[in-house]
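S.K.: Sequence order for the protein chains is A and B.
Position 120 of the first sequence, counted from 1, bears residue number 119 in numbering that gives the first Met the number 0, the numbering being contiguous throughout.
Position 26 of the second sequence, counted from 1, bears residue number 25 in numbering that gives the first Met the number 0, the numbering being contiguous throughout.
Cβ coordinates follow ideal geometry from the N, Cα and C atoms, glycine included.
Everything numeric in this text was worked out from a predicted model, so none of it was measured.
2 protein chains.
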Amino acid sequence: MGIGSNKIKYIQSLKLKKFRDRHQVFVAEGDKIVRELLQSTFQIKLLCALHQWIDHSREIIPEKTEVIAVSTAELERISTLKTPNQVLAVVEKPSEEWSDDLFRQGPVLALDDLRDPGNLGTIIRTADWFGIRHIFCSPSTTDLYSPKVIQATMGSFLRVRLHYTPLPALISGVQHIIPIYGASLDGRSMYEYTPEIPAMLVIGNESAGIGKEVSSFIRQQVKIPSALMQRSEGLNGTGTAESLNAAVAAGILMAWLHGASQKH
Amino acid sequence: MGIGSNKIKYIQSLKLKKFRDRHQVFVAEGDKIVRELLQSTFQIKLLCALHQWIDHSREIIPEKTEVIAVSTAELERISTLKTPNQVLAVVEKPSEEWSDDLFRQGPVLALDDLRDPGNLGTIIRTADWFGIRHIFCSPSTTDLYSPKVIQATMGSFLRVRLHYTPLPALISGVQHIIPIYGASLDGRSMYEYTPEIPAMLVIGNESAGIGKEVSSFIRQQVKIPSALMQRSEGLNGTGTAESLNAAVAAGILMAWLHGASQKH
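Structure (C-alpha cells):
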C-alpha cells in the first residue's frame, strides 16, 4: 500500500509541460482547491492525500476515483508548494474547443505572449472576478497548467477557460462579431470613451507589448494614461514609472470593460 | 583592494530589517536602478561593482562615494538577485517626515497591514505611474526597504515616498483636509460616482481587508463590484473569485482616482 516510486516519478514529471502535454493532465494542490475540483465538472484521475484528509472527505470523493493515502514526507516529495496542504490531485485537462457563440455572451480576453506565471494566475483571478469566462492565449503565452499558475489563480481556473491558439487567425475571424481593444501606450485614453460590449481585450507581453502581427488586427488601441502623459506640456517633469505591471494593467482595463456593462 | 569579509558580512546583514534599521540604509541592485539613484537626491554610502561597470560609470559617480571593485563571484555572494547585475549600492534611507501641505497637492495612498512584498512593490510602481507621490503605511505593513520590494518597484521607490506611521492617528488628523476612501467589499460601487480629489485611498490587508480601528475613520467605503454582485438577483449563480489580488484592486482604484483628476 502507499504510493510507489513509479507514481512519485509520474507526479514529479508533471512539473514539466512536456509531460503534462503527453498525459493531458495537470496537478492542483490544497484542501480548498481540491474540494472545489471535486464539485466541478473536472475529471480527477488521482488523489494523493493524508489519511485524515481522506477520512474527512469520503462523502465527496466519487467511488471510481483512484485515491492513495500518503505520509507527510511523501506529500512533500510530490508537492510543489513550500508548505504542502493535505492533498494533491492529478486532473484531466479540459477541452480547449469553443464555438463563436461565446463571443456574443460576454467580454473575452486575449493574451499575446504573456510570459510571467504569476501575472497569468493573477489575470485569471481578476477575469473570474469580472465574469470573463474565456481567455485566448498565443501559443507562446506561459502555460496555465504549470503548478505556479494553477495555484496563483486561487481556484479561478475552475471558472475561466483558457484556449491556446494563434491570435492573428482568431482575431481576423472575430473582428466582424465584436470590437477588439488592445492595451497600448499609444492608444486613446480609457477615460475618454466607454467601450462597446461584448468585446475582446488584448494584453501584450510584459516588455514588448502586443506583437506587430496581432496589432495589425486591432482597430482600437486603448491607453491607461500616466500622470506624466497628463503633464506632457512639460510643466512638471518629475518622471514616472515606465510601465505598469501587466496584471495590474489588465485589471484596470477589465474594470473599464466591466464599467460599460454596468451602464447598459 | 577588493572587498573584505567584514564588508561582505555587513552587506549580507542588510537582508534583515533589524540591520537596515540599525544602520539606516538599504540595498538596491542593477545597472538601471543604480544609475537612476546616482542622478537622484538619495545618498549612496557604498558601491560594489564589476571593474567594467566602474570604468563605464566614472563620470556619474560622485568623487567622495566609496567604490569597491568586486569579482563576479563576490557580487554573487552579496547579491539577493538570482542573476546579479553588475552593481550593488548601499543607500541611505530618506527621511520619512512630512508636512500636511502634501495632502493638498495630490492623492495619497494608505496601506493598512499589507504583507506581501511583491504586492507592495507593484503598488509603489502603480502609484508612480499615476503620479501618487506619498504612501502612508501602518507599522505592520511589509518593509519597503527589503531587497524584494526595492527590486519589485523597478525604480519607482525613487519617486514615491513611504511613511511608516500609525494610520488611525494620521487619518483622524487629515480627514478634515481631504476625503478618505477605503477599498471594501461592502462599499458603494466605484462606477456610481466620481471621487473628490485630492483624496486618501486606503487599501487593507490581503486577507482581512482594512482593520476595524482604521475603518472607523473612513467615511466612504468604495467597492469594485464583481460580476457575481451584479447578478445578485440569483439569476445566474456560476460563482466568481472570492477576492481580487491586493495590488490589482489598488491599481483599479488608483485608476479610478486618476480618472477624476482628468475630468477636473
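#1: Verify whether the separation of the beta carbon atoms of A246 of chain B and T79 of chain B is less than 7 Å.
#2: Using a Cβ cut-off of 8 Å, pull out every chain B residue sitting near L243 of chain A, in sequence order please.
#3: Taking only the alpha-carbon atoms, compute the straight-line gap between I149 of chain B and K31 of chain B and give it to the nearest angstrom.
#4: Are V24 of chain B and V89 of chain B closer than 7 Å when you measure CB to CB?
#5: For L161 of chain B, does the count of other Cβ atoms within 10 angstroms reach 16, so buried, or fall short, so exposed?
#6: Name the chain A residues whose beta carbon is nearer than 7 Å to that of T82 of chain B?
#7: Name the chain A residues that come within less than 7 Å of T141 of chain B, Cβ to Cβ?
#8: Mind reading off the beta-carbon distance from F135 of chain A to L143 of chain A? Whole number of angstroms is fine, and I expect it under 8 Å.
#9: Go ahead and label Y192 of chain A buried or exposed: buried means 16 or more other beta carbons lie within 10 angstroms of its beta carbon, across all protein chains shown.
#10: Label D99 of chain B either buried or exposed according to how many other C-beta atoms from any shown protein chain fall within 10 Å of its C-beta, with 16 as the threshold for buried.
#11: Do I209 of chain B and D111 of chain B come within 7 Å of each other at the CB atom, strictly closer than that value?
#12: Look up A109 of chain A in the DSSP assignment and give the residues it is bridged to.
#13: Using a cut-off of 7 Å between C-beta atoms, extract the partners of I223 of chain B located in chain A.
#14: In the DSSP assignment, what residue or residues form a beta bridge with K222 of chain B?
#15: Have a look at P224 of chain B and H55 of chain A and give me their C-alpha separation to the nearest angstrom.
#16: Are P178 of chain B and A198 of chain B closer than 7 Å when you measure CB to CB?
#17: Which residues in the same chain have their Cβ closer than 6 Å to the Cβ of E73 of chain A, if we skip the five residues on either side of it in sequence?
#18: Could you check the C-alpha separation between F102 of chain A and P106 of chain B for me, to the nearest Å?
#19: Per DSSP, V24 of chain A is paired with what?
#20: Please list the residues of the segment 175-203 of chain A that have a C-beta atom closer than 9 Å to any C-beta atom in chain B, keeping them in chain order.
#21: Indicate whether at least one CB of chain A lies closer than 7 Å to the CB of Q325 of chain B.
#22: Between the alpha carbons of K6 of chain B and L36 of chain B, how many angstroms are there, rounded?
#23: Candidates B:Q42, B:H50, B:K81: which alpha carbon is nearest E62 of chain B's?
#24: Output, in chain order, the set of chain A residues within a Cβ distance shorter than 7 Å of G258 of chain B.
#25: Using a Cβ-Cβ cut-off of 7 Å, state whether G233 of chain A counts as contacting chain B.
#26: Please report the residue range of the beta strand (DSSP E) in which E195 of chain A lies.
#27: To which residues of the same chain is G186 of chain B closer than 6 Å at the C-beta, ignoring the five residues directly before and after it?
#28: For V107 of chain B, decide whether its Cβ has a neighbour in chain A, counting only Cβ atoms nearer than 7 Å.
#29: Who are the Cβ neighbours of T141 of chain A in its own chain at under 7 Å, not counting the five residues just before and after it?
#30: Taking only the alpha-carbon atoms, compute the straight-line gap between R19 of chain B and E95 of chain B and give it to the nearest angstrom.
#31: For the candidate residues B:I196, B:E241, B:V213, B:S214, whose alpha-carbon lies nearest to that of Q261 of chain B?
#32: Starting from A207 of chain B, trace the alpha helix (DSSP H) in both directions and tell me its first and last residue.
#33: Per DSSP, L36 of chain B is paired with what?
#34: Alpha carbon to alpha carbon, how far is L227 of chain B from L243 of chain B?
#35: How is the alpha helix (DSSP H) around V148 of chain A delimited, first residue to last?
M.R.: Reading it off the structure:
#1: Position 247 of the second sequence, counting from 1, holds the residue named residue 246 of chain B. Position 80 of the second sequence, counting from 1, holds the residue named residue 79 of chain B. No, the Cβ-Cβ distance between A246 of chain B and T79 of chain B is not below 7 Å.
#2: Here residue 243 of chain A corresponds to residue number 244 of the first sequence, with the count starting at 1. Those within 8 Å of L243 of chain A in chain B are R124, T125, W128, G250.
#3: In the second sequence, the residue the question calls residue 149 of chain B occupies position 150. In the second sequence, the residue the question calls residue 31 of chain B occupies position 32. Using only the alpha carbons, I get a separation of about 13 Å.
#4: For the purposes of this step, residue 24 of chain B is taken as residue 25 along the second sequence, with counting starting at 1. For the purposes of this step, residue 89 of chain B is taken as residue 90 along the second sequence, with counting starting at 1. Yes; because the gap between Cβ atoms is below 7 Å, this pair is in contact.
#5: Counting from 1 along the second sequence, the entry for residue 161 of chain B is found at position 162. The residue in question, L161 of chain B, is buried, as its Cβ has 16 or more Cβ neighbours within 10 Å.
#6: In the second sequence, residue 82 of chain B corresponds to position 83, counting from 1. Simply none; closest approach about 16 Å.
#7: Against the second sequence, residue 141 of chain B aligns to sequence position 142. Within 7 Å Cβ-Cβ: nothing; T141 of chain B doesn't reach chain A, min ~17 Å.
#8: In the first sequence, counting from the first residue as 1, residue 135 of chain A sits at position 136. In the first sequence, counting from the first residue as 1, residue 143 of chain A sits at position 144. Rounded, the Cβ-Cβ distance is 12 Å, inconsistent with contact.
#9: As a working mapping, residue 192 of chain A is identified with position 193 in the first sequence. Under this definition Y192 of chain A is an exposed residue.
#10: Residue mapping note: residue 99 of chain B aligns to position 100 of the second sequence, counting from 1. The residue is exposed, with fewer than 16 neighbouring Cβ atoms inside 10 Å.
#11: Sequence index remark: in the second sequence, residue 111 of chain B carries index 112 (1-based). Sequence index remark: in the second sequence, residue 209 of chain B carries index 210 (1-based). For D111 of chain B and I209 of chain B, yes; Cβs fall inside 7 Å.
#12: Here residue 109 of chain A corresponds to residue number 110 of the first sequence, with the count starting at 1. In DSSP, A109 of chain A forms a bridge with A:F135, A:V201.
#13: As a working mapping, residue 223 of chain B is identified with position 224 in the second sequence. Ordered by position in chain A, the residues that pass the 7 Å Cβ test against I223 of chain B are A254.
#14: Walking along the second sequence from the start, residue 222 of chain B turns up at place 223. In DSSP, K222 of chain B forms a bridge with B:S188.
#15: Counting from one through the second sequence, the residue named residue 224 of chain B turns up at place 225. Counting from one through the first sequence, the residue named residue 55 of chain A turns up at place 56. Distance between the alpha carbons of P224 of chain B and H55 of chain A: 35 Å.
#16: In the second sequence, residue 178 of chain B corresponds to position 179, counting from 1. In the second sequence, residue 198 of chain B corresponds to position 199, counting from 1. Yes, they are a contact pair.
#17: As a working note, residue 73 of chain A is residue 74 in the first sequence. I2, listed in sequence order.
#18: Residue numbering aside, residue 102 of chain A sits at position 103 when the first sequence is read from its first letter. Residue numbering aside, residue 106 of chain B sits at position 107 when the second sequence is read from its first letter. Rounded to whole angstroms, F102 of chain A to P106 of chain B spans 38 Å at the Cα level.
#19: Numbered from 1 along the first sequence, position 25 holds the residue referred to as residue 24 of chain A. Per DSSP, A:E91.
#20: S188, M189, Y190, E191
#21: The structure shown does not extend to residue 325 of chain B, since chain B spans only 0 to 263, so no value can be given for it.
#22: Counting from one through the second sequence, the residue named residue 6 of chain B turns up at place 7. Counting from one through the second sequence, the residue named residue 36 of chain B turns up at place 37. If you take the alpha carbons of K6 of chain B and L36 of chain B, they lie about 21 Å apart.
#23: The residue you call residue 62 of chain B lines up with position 63 of the second sequence. Taking only the C-alpha atoms, the option nearest E62 of chain B is B:Q42.
#24: One-based indexing of the second sequence puts residue 258 of chain B at position 259. Those are Y190, listed as they occur along chain A.
#25: Position 234 of the first sequence, counted from the first residue, corresponds to residue 233 of chain A. With a pLDDT of 40 at G233 of chain A, under the threshold of 50, the modelled position of this residue cannot be trusted, and the question is left open.
#26: As a first step, residue 195 of chain A is located in the first sequence; it is residue number 196 there, counting from the start. Run containing E195 of chain A: none; DSSP gives neither H nor E here.
#27: Position 187 of the second sequence, counted from the start, is the residue given in the question as residue 186 of chain B. Counting only Cβ-Cβ distances below 6 Å, and skipping sequence neighbours, we find Q220, V221, K222.
#28: For the purposes of this step, residue 107 of chain B is taken as the residue at position 108 of the second sequence. V107 of chain B does not count as touching chain A.
#29: Working through the first sequence from its first residue, we reach residue 141 of chain A at position 142. The residues are L113, R114, D115, P116, L119, V148.
#30: Along the second sequence, one-based indexing puts residue 19 of chain B at 20. Along the second sequence, one-based indexing puts residue 95 of chain B at 96. Near 15 Å, if we compare the C-alpha coordinates of E95 of chain B and R19 of chain B.
#31: Your numbering for residue 261 of chain B matches position 262 in the second sequence. Nearest C-alpha to Q261 of chain B: B:I196.
#32: On the second sequence, position 208 is the one that residue 207 of chain B refers to. Run containing A207 of chain B: none; DSSP gives neither H nor E here.
#33: Counted from its first residue, the second sequence places residue 36 of chain B at position 37. The partner list for L36 of chain B (beta bridge, DSSP) is empty, contrary to what the question assumes.
#34: Along the second sequence, read from residue 1 onward, the residue named residue 227 of chain B stands at position 228. Along the second sequence, read from residue 1 onward, the residue named residue 243 of chain B stands at position 244. Near 13 Å, if we compare the C-alpha coordinates of L243 of chain B and L227 of chain B.
#35: Indexing the first sequence from 1 puts residue 148 of chain A at position 149. First-last of the alpha helix (DSSP H) with V148 of chain A: 146-151.
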